[in-house]
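According to full-length UniProt numbering, the residues represented by the sequence shown are 1 to 609, in order. Quick reminder that beta carbons are idealized off the backbone N, C-alpha and C, glycines included. Being a predicted model, the structure only gives us computed values, none of them experimental. Contents: one structure, followed by commentary.
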Amino acid sequence: MSTQGLPPVAPDVTADIVEALTPRLRKRLDAAIGKLTACPIEHDGDTVRITVGEDAELTLYIPTGAVTTTADLRCSCLLAPACVHRAAVAAAAPVAEPQAPAEADTPDTSDAPATTEPTQSAEAPAESPTPTEPTPAERTAADALWTAGAAIVDAGVDGAGAVLQAGLLRAAHTARLAGLHRAAAAAVTVATGLRAARDRDPAYRLADLVAAMRELLDVAHALRTPAATYPQSLDLLRGTSRRAYAPAGSLRLYGLFTEPVLTARGFAGAVTTTVDPAGTLRTIGDVAPGGADRAIGAATRAIRLGDTSIDPVALTRAGLVVSGATVSANGRLGAGQAVRAARASGAAWTDEPLRALWETPLSAQIDRIVGHRDLPPDDRPAGADLLFLDVTVLGTTPGARDRLLADCAGQSVHLLVAHADPVFAYRDNLRLLADRPGLRLRVVGRLEPGADRAIRALAVGVAPGEGPTLRLAEDRLGRIDLGLERLHRADLPAAAPTPSVPGAVGEPPPAPLYLMHRHVERAISGGRPVLALAGSTAGDTARLRRVGLATGALLVERLTHVAAGRERDVFGRLRAGDNDLLSAAWLAAAVYAQTVEGALTRAVWSTEG
C-alpha cells in the first residue's frame with residue numbers, strides 16, 4: 001500500500017490521534033508507518049478498509065472524500081482507539097484541506113471542476129473589520145507555528161518523524177482557525193514535504209522543502225514582531241481563506257500548453273494555460289487528491305466551464321469564447337452557472353496573440369519572474385514563473401544525460417526535466433531532442449533560479465525562420481506538451497552537424513552562492529547534529545568574502561556557531577539547544593540566499609554580458 005492509496009486526513013484529526021498515544025507508542029510510530037506498505041487496502045464506496053494484522057483492521061469512513069473527525073478512523077485491535085495503527089495511517093495519509101466551492105454563489109456539481117489545488121479552509125471564522133495589529137489569537141497561533149517549525153529545523157528531515165509532523169499540523173490547524181491562512185498552508189506544505197523526503201518519493205526536492213520552511217518561518221516571525229517592522233502588509237501576511245472570483249465579462253482565449261500536476265501534498269491533475277488577445281495568461285484545470293495516474297487521466301477528461309466541456313489536451317490547441325466569465329486574482333477561471341462558453345479556433349505559437357510572448361525581451365521576462373517570487377504561491381499571477389525562449393539544441397550537458405544544453409541568443413541554457421516521475425514523458429522527450437544538435441525550438445519553461453541559466457521545459461514547438469525544426473502533424477498545431485505527449489523520431493528532422501554558436505559552448509563561471517544554499521539545505525536535511533559536525537566553514541566563508549558576499553559569510557558562521565553552541569550537564573551530556581536562536585539564524589541565512597539569488601538570476605540572464 002502506498003500513501004497515494006490512502007484517503008486524505010484532516011490535520012487536526014492526525015494531531016489528535018498522535019497526541020493521544022502513550023510515550024511508548026510514539027516511539028514505535030515511525031516503524032509502524034513503514035510497515036503499512038505491506039498492508040492490503042480495499043475501497044468500498046465511502047469506506048476504506050486496511051488489514052494491518054490478524055486481529056486488527058482499520059476502517060476509514062470518507063463520505064466527503066476525506067477523514068474529517070477522529071470517529072471516522074476506527075481500529076478493531078484491543079488498544080483502540082489509542083493504538084498505533086490509527087496513528088500510523090493518519091500520519092501516512094495525505095493532508096486534507098477542506099475546499100470551498102470555486103465560486104461562493106455557484107456550487108460545482110461536475111466531476112471535474114474548473115479549479116486547481118485547494119488552499120482555503122471551510123473552518124475559517126467570519127471576517128471582521130481588519131485590525132492594524134495581530135490579534136492575541138493570531139500571535140498565539142504564530143508562536144505555535146514558529147515553535148513547531150523551529151523543532152523541525154533542530155531535528156532535520158531525518159529526525160522529523162510523525163510526532164513532530166503532527167505537532168506542525170496541530171499548529172497549522174490552529175493558525176487556520178485564527179485566520180492565518182498563508183502560514184497554515186506553508187506548514188502543511190512543510191509537513192507533506194517531510195513525508196515525501198522520508199518516504200524517498202522521487203518527486204521530492206530538498207529545495208522545495210527549504211522554500212516552504214523559509215515561507216513558514218518568515219511569516220510566523222513577522223507576525224510575532226512589532227507591526228512597524230513588517231516588510232509586507234498585515235493582510236498579505238495573513239493570506240486569504242478562499243479565492244475570490246470577480247466578473248471578467250467576455251473573454252477570447254487561446255490554448256497555450258497543458259501541464260500535468262503531481263504535488264507532494266497528494267494532489268494531481270492537469271492545468272491548461274491560456275492567453276487572451278492582450279497577452280494575459282489564465283489557467284483552467286482539474287486538480288484533486290490523487291496520484292500520477294490521476295494526473296495522466298485528467299489530461300483527457302472533460303472539464304466543465306459553464307455549459308461547455310473540453311479536456312485539457314484538446315484546449316492546448318483550441319480556443320474558447322467565454323461570456324459572463326469570472327476570474328480569480330491569480331488568473332484562474334471560474335466555472336459558475338452564469339458562465340457561457342463555446343469552443344473556438346486556436347492559434348499557433350508563431351501567430352498572434354501567442355507570438356508576442358516570445359517577442360517580450362528576455363530582461364523583462366526575468367524581471368517579471370523575480371519580482372513575483374516574494375508573493376505567496378497562491379497570490380502569484382498565472383504564468384508568473386514562465387519563460388518563453390527560442391533556442392538551438394547543442395546536445396546533452398556533459399555528465400548529465402537528462403539536461404539538454406541549448407543556445408539562446410548566444411548564451412548557453414540548460415533544459416531540465418520538469419517532473420521526475422517516470423509516468424510523465426519529460427525525460428524521454430528531452431533525451432530524444434538532445435540527439436538532434438542544431439534543432440531549433442520554441443520553448444515554454446519554468447525558470448530554475450541560480451547561476452547556470454536553467455529552465456524546466458514544459459512544452460516545445462516549431463521555431464520560426466530558417467533551419468531545422470520539428471516536423472509535426474498538422475493537427476498538433478506546431479507544439480508538444482512534454483509531460484503528456486511523446487515525441488517520435490519521425491517528428492524530428494534528420495541529424496545535422498553540431499552547430500558552432502559563438503558564446504554558447506562555454507558555461508557561466510560558477511557562482512559561490514551555492515555555498516550558502518549548501519549550508520541552508522544541510523540544516524533542513526540533517527538538522528542541528530549535522531550542522532554542528534559539519535567541520536570548519538573557513539573555506540566557504542573565505543570564498544564568499546572574496547566575491548563580496550561578506551554578509552553571507554557572517555550568516556554562515558552564525559548558523560554553524562549557534563548549531564554547535566550547546567552546553568553540557570554535570571555528567572557531560574549535551575543539553576538541548578536553543579531552537580529559537582537556531583531557527584532565527586537559519587531564517588536569516590535562507591532569506592539572504594534567496595534575495596541574492598534573485599539578483600544573480602537577473603545577472604546571469606542579462607543579454608548585456
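* Nearest residue (CA-CA) to A172, options A207, D16 and A382 -> It is D16.
* To do: Can you check the region 298-325 for any beta strand (DSSP E) of at least 3 residues that lies completely inside it and give the ranges in chain order?
  => Fully enclosed beta strand (DSSP E) runs of 3 or longer: 303-305 and 308-310.
* **C-beta contact flag for L253 and L168 at 8 Å** => No, the pair does not count as a contact, with Cβ atoms beyond the cut-off.
* Over what stretch of residues does the alpha helix (DSSP H) that includes I284 continue unbroken? -> Counting along the chain, no alpha helix (DSSP H) covers I284; the unbroken beta strand (DSSP E) around it starts and ends at L281 to P289.
* To do: Tell whether a beta-carbon distance below 8 Å holds between A463 and R442.
  => The Cβ-Cβ distance between A463 and R442 falls below 8 Å.
* Beta-carbon proximity of A295 to V261, cut-off 8 Å -> Against a cut-off of 8 Å, the Cβ pair of V261 and A295 comes out as a contact.
* **Alpha-carbon spacing of V9 relative to V48, whole angstroms** => It is roughly 12 Å from the alpha-carbon of V9 to the alpha-carbon of V48.
* Hey, quick one: how far does the alpha helix (DSSP H) through T337 stretch, first residue to last? -> Correcting the residue identity first, residue 337 is Gln in this sequence and not Thr. Neither: Q337 is in no alpha helix (DSSP H) and is coded neither H nor E.
* **Three CB pairs or more closer than 8 Å across the region 20-27 and the region 179-192** => Contact between the region 20-27 and the region 179-192 is absent, because fewer than three Cβ pairs lie under 8 Å.
* **Chain-order list of residues whose beta-carbon lies under 8 Å from that of M1 (same chain, five-residue window excluded)** => Low confidence applies here, because M1 scores a pLDDT of 44, under 50, leaving its location unreliable; read the following figure in that light. These residues qualify, in order along the chain: L36, T37, A38, C39, P40, I41 and I50.
* Asked: Hey, R471 and P493 are a contact pair by Cβ (cut 8 Å); roughly how many whole angstroms apart?
  -> Contact annotation, R471 with P493: C-beta distance approximately 6 Å; criterion of less than 8 Å satisfied.
* Close beta carbons around V84, own chain, < 8 Å, minus the five adjacent residues each side -> Contacts found: L21, L25, R28, L29 and A32.
* **Contact the region 522-529 vs the region 152-161: 3+ CB pairs below 8 Å** => Counting Cβ pairs under 8 Å, three or more are found: they touch.
* Asked: Assuming V95 and V188 make a contact with CB atoms under 8 Å, what is their CB distance in whole Å?
  -> That pair is a contact at about 5 Å.
* Does the count of Cβ pairs from the region 326-337 and the region 279-293 closer than 8 Å reach three? -> Cβ pair count under 8 Å is three or more, so yes.
* Buried or exposed by the 16-neighbour rule on C-beta atoms within 10 Å, applied to P226 -> Answer is exposed; the Cβ neighbour count stays below 16.
* So what does DSSP say about I480, is it helix, strand or coil? -> Note: I480 maps to strand in three-state DSSP.
* Please classify G249: is it buried, with 16 or more other beta-carbons within 10 angstroms of its beta-carbon, or exposed? => Around the Cβ of G249, a 10 Å sphere holds fewer than 16 other Cβ atoms; the residue is exposed.
* Spatial neighbours of A564 within its chain, please: CB distance less than 7 Å, with the 5 preceding and 5 following residues excluded, ordered by chain position. => Counting only Cβ-Cβ distances below 7 Å, and skipping sequence neighbours, we find A532.
* Asked: At what residues does the alpha helix (DSSP H) containing V192 begin and finish?
  -> Here residue 192 turns out to be Thr, not Val, going by the sequence shown. Start and end: H181 to R198.
* In three-state terms, what does DSSP make of D44? -> D44: strand per DSSP, three-state reduction.
* To do: Classify P247 as helix, strand or coil using the three-state DSSP reduction.
  => Strand at P247.
* Asked: To the nearest whole angstrom, what separates the beta carbons of A246 and T326, a pair I think is in contact under 8 Å?
  -> The C-beta distance from A246 to T326 rounds to 6 Å, short enough to meet the 8 Å contact threshold.
* Give the range of the alpha helix (DSSP H) segment to which G34 is assigned. => Start and end: P23 to K35.
* **First through last residue of the alpha helix (DSSP H) which encompasses residue 625** => Absent from the structure is residue 625, since the part of the chain shown begins at 1 and ends at 609.
* Asked: Which word fits H43, buried or exposed, when buried means at least 16 other C-beta atoms lie within 10 angstroms of its C-beta?
  -> By the neighbour-count rule (16 or more Cβ atoms within 10 Å), H43 is not buried but exposed.
* Taking Cβ to Cβ, would you say L237 is nearer than 8 Å to L223? -> Contact: yes.
* Taking Cβ to Cβ, would you say L484 is nearer than 8 Å to A299? -> For L484 and A299, yes; Cβs fall inside 8 Å.
* Of the listed residues A288, T14, A550 and A348, nearest to A87 (C-alpha basis) -> Comparing Cα-Cα distances from A87 to each of A288, T14, A550 and A348, the minimum goes to T14.
* Output yes or no for whether 8 Å exceeds the beta carbon distance between R175 and A141. => At residue 175 the sequence reads Ala, which differs from the Arg that was named. In contact: A175 and A141 (Cβ atoms closer than 8 Å).
* Asked: Hey, quick one: how far does the beta strand (DSSP E) through G450 stretch, first residue to last?
  -> Here G450 belongs to no beta strand (DSSP E), and DSSP marks it neither H nor E.
* **Assigned secondary structure, R602 (DSSP; H/G/I helix, E/B strand, else coil)** => R602 carries a helical assignment under DSSP once its states are collapsed to helix, strand and coil.
* Which residues mark the beginning and the end of the beta strand (DSSP E) in which L391 is found? -> Leu is not the amino acid found at residue 391; the sequence shown has Val there. In the DSSP annotation of this structure, the continuous segment of the beta strand (DSSP E) that includes V391 starts and ends at L386 to T396.
* To do: Alpha carbon to alpha carbon, how far is A220 from D241? Give it in angstroms, no decimals.
  => Correcting the residue type first, residue 241 is Ser in the shown sequence and not Asp. Cα to Cα, S241 sits roughly 17 Å from A220.
* When DSSP labels each residue in this structure, what does R380 get in the three-state scheme? -> DSSP places R380 in the coil class of the three-state scheme, outside both helix and strand.
* To do: Go ahead and label E597 buried or exposed: buried means 16 or more other beta carbons lie within 10 angstroms of its beta carbon, across all protein chains shown.
  => Classified as buried, E597 has 16 or more neighbouring CB atoms from the shown chains inside 10 Å of its CB.
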